[in-house]
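In the UniProt record's numbering, the protein residues as written are 1 to 115. Think of the CB as a built atom: it goes at the ideal place given N, C-alpha and C, for glycine as much as any other residue.
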Amino acid sequence: MANIINYFSLWTTVPELGGSSGQSRVRQPLILLGVLLGALAKVVYDWLTSQASASLSWSSFAVAAIAGLVAFPYLYEKAGLNRGQLTLAKWLVAFQNGFFWSVAMDAISKLHGHG
């Protein structure tokens with residue numbers, strides 16, 4: 001259970017007291033809000049652009065949110081987002097991950113030889 005909590009904690013290293021002599025580790029859970037909002041935006045976008053009169057489905061959002069949240073911590077570390085304070089650019093990468101969750105899952109699958 002501790003490994004799962006650690007995976008989703010999104011640890012980052014930041015300079016202590018604004019200096020460069022020491023480093024401290026902090027969590028950045030706010031960035032996960034970007035993933036969730038991106039997933040919601042994708043569901044709404046798909047609904048608005050669909051030619052059929054499809055209904056807005058919470059199950060689509062649930063799938064997008066779960067997939068985005070599962071994939072993001074891996075990308076967070078591999079892309080080097082785990083260094084420094086939370087910035088708008090990092091938050092937008094999280095939003096993009098939520099919006100394009102299926103692309104991220106395909107990329108991770110290919111990295112591990114499953115695609």
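Cα-Cα separation between residue i and residue j, rounded to whole angstroms
i: T12; j: W47; result: 36 Å
i: F72; j: N97; result: 7 Å
i: F99; j: A64; result: 8 Å
i: A79; j: L37; result: 20 Å
i: L75; j: G84; result: 16 Å
i: D106; j: I5; result: 24 Å
Neighbourhood of residue i by C-beta distance below 7 Å, restricted to the same chain and skipping five residues each side
i: L40; result: F61
i: I31; result: L10, L86, K90, W91, A94
i: A8; result: Before going further, note that residue 8 is Phe rather than Ala in the sequence given. The answer, listed in chain order, is P73.
i: V26; result: T12, V14
i: I66; result: none
i: E77; result: none
Cβ-based neighbour list, residue i, same chain, cut-off 8 Å, excluding 5 preceding and 5 following
i: V44; result: L56
Buried or exposed (CB count within 10 angstroms, at least 16 for buried), residue i
i: Q28; result: buried
i: K42; result: buried
i: W58; result: exposed
Contact check, residue i vs residue j, beta carbons under 8 Å
i: L69; j: V14; result: no
- Mind pulling the alpha helix (DSSP H) runs of 4 or more residues that sit fully within the segment 4 to 69? 31 to 49
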